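Reading the sequence shown from the start, the letters are residues 2 to 222 in the numbering used here.
Glycine included, each C-beta is placed from N, C-alpha and C at the ideal position.
If you're wondering where the values come from, they're calculated on a predicted model, not measured in any experiment.
Shown next, in structure tokens, is the structure this report addresses.
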Amino acid sequence: MTDTPRLIEQLAARATPVRPLASPGRRTLLWLALAFAVIATLLLLRGGMEPGALADPAARLQWGASLLAGVLAAYATFQVSVPGRAASWAWLPVPAVLAWLAGLGWGCLREHARLGDAAWQFHAGSAECAWAITVVSLPLALVMLLVVRHAGAVRPALTALLAMLGTAALSSAGVTLVHDAGETMAMVLLWHLGVVVLLSLLSLLAGRPLLGWIGHARPRP
Numbered sequence: 002m003t004d005t006p007r008l009i010e011q012l013a014a015r016a017t018p019v020r021p022l023a024s025p026g027r028r029t030l031l032w033l034a035l036a037f038a039v040i041a042t043l044l045l046l047r048g049g050m051e052p053g054a055l056a057d058p059a060a061r062l063q064w065g066a067s068l069l070a071g072v073l074a075a076y077a078t079f080q081v082s083v084p085g086r087a088a089s090w091a092w093l094p095v096p097a098v099l100a101w102l103a104g105l106g107w108g109c110l111r112e113h114a115r116l117g118d119a120a121w122q123f124h125a126g127s128a129e130c131a132w133a134i135t136v137v138s139l140p141l142a143l144v145m146l147l148v149v150r151h152a153g154a155v156r157p158a159l160t161a162l163l164a165m166l167g168t169a170a171l172s173s174a175g176v177t178l179v180h181d182a183g184e185t186m187a188m189v190l191l192w193h194l195g196v197v198v199l200l201s202l203l204s205l206l207a208g209r210p211l212l213g214w215i216g217h218a219r220p221r222p
């Protein structure tokens, strides 16, 4: 029977170096470079930025807040997916999301003062924005989840939620630059923020099985 010191020596001899994870900040920058490249390519394919897309101050506020929410959610994803990191990192994008909502609300009030009830009219054609956000968000979120697939054993649901929030918010910011400048803020609230919330909640529910499929998720005890 092998004694303990000899067994330890054998295990140590067979051990291979473990490559440490890059810092959350570095991984965030790399992922953002990919996301911005994809969104910029799509913008070019659509003919560039729509004139007047950010002419209104409320539009600029909601666009900047959605962009910031995406960046902060991406960073929070790479934080909470690391074992031992505090789950409170998940709160990082919340102020930006609230600012995004405030910008949309401000825009709705401004348009109501200018257009009256017409500011709240439903436009089914604006649903194209929701479709575009979804199409861009899903592959980018999948790439991020592949990078943090080890989080399946740590916080799968929270990681998936933040990953989708980050990708969907950035996608929304990109779509804002090419959608019709005449689209009302009420439709932006419905088809932009609405689809971001929906995709994020679906990711929260699907996080454990999804990371169990692409990575390692521990079953609930």
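(request) Tell me whether the beta-carbon of W32 lies closer than 8 Å to the beta-carbon of S127. (result) no
(message) Please report the distance separating the alpha-carbon of V155 from that of F79.
(response) 12 Å
(message) Taking 8 Å as the threshold (C-beta atoms), are A161 and L211 in contact?
(response) yes
(request) Please report how far the alpha carbon of A90 lies from the alpha carbon of V72, in whole angstroms. (result) The sequence shown places Trp at residue 90, not Ala. Whole-angstrom Cα-Cα distance: 13 Å.
(request) May I ask you to report which of helix, strand or coil DSSP gives L102? (result) helix
(request) Look at the Cβ atom of L43, then the Cβ atom of L102, and state whether they are nearer than 8 Å. (result) no
(message) Using a 10 Å radius around the Cβ and a threshold of 16 neighbouring Cβ atoms, would you call V98 buried or exposed?
(response) buried
(request) From the DSSP output, in three-state form, read off R86 for me. (result) coil
(message) Does the stretch 57-70 come into contact with the stretch 172-179, if we say contact requires no fewer than three beta-carbon pairs (one atom in each stretch) closer than 8 Å?
(response) yes
(message) Please list the terminal residues of the continuous alpha helix (DSSP H) segment that includes R209.
(response) 195-215
(request) Under the assumption that R111 contacts A59 (Cβ atoms under 8 Å), give the Cβ distance between them as a whole number of angstroms. (result) 6 Å
(message) Could you tell me the alpha carbon to alpha carbon distance between G167 and A75, rounded to whole angstroms?
(response) 5 Å
(request) May I ask which residues mark the beginning and end of the alpha helix (DSSP H) holding W155? (result) Here residue 155 turns out to be Val, not Trp, going by the sequence shown. Per DSSP, V155 belongs to no alpha helix (DSSP H) and is neither H nor E.
(message) Considering Cα atoms alone, identify which of C130, R115, P157, L45 is closest to L190.
(response) C130
(request) Within 10 angstroms of the Cβ of W64, are there 16 or more other Cβ atoms? Answer buried if so, exposed if not. (result) buried
(request) Give the straight-line distance between the Cα atoms of A41 and G53, rounded to the nearest whole angstrom. (result) 18 Å
(message) Using C-beta distances below 7 Å, list every residue in its chain close to L200, excluding the 5 sequence neighbours before and after it, in chain order.
(response) T135, S138, M165, A169
(message) Measuring straight from C-alpha to C-alpha, what distance separates M145 and P25?
(response) 12 Å
(request) Please check the pair A100 and A77, which I expect to be a contact at CB under 8 Å, by giving their CB distance rounded to whole angstroms. (result) Between A77 and A100 the Cβ distance is about 16 Å, and since that is not below 8 Å, they are no contact.
(message) Suppose contacts are defined by Cβ-Cβ distances below 8 Å. Is M50 in contact with L178 by that definition?
(response) yes
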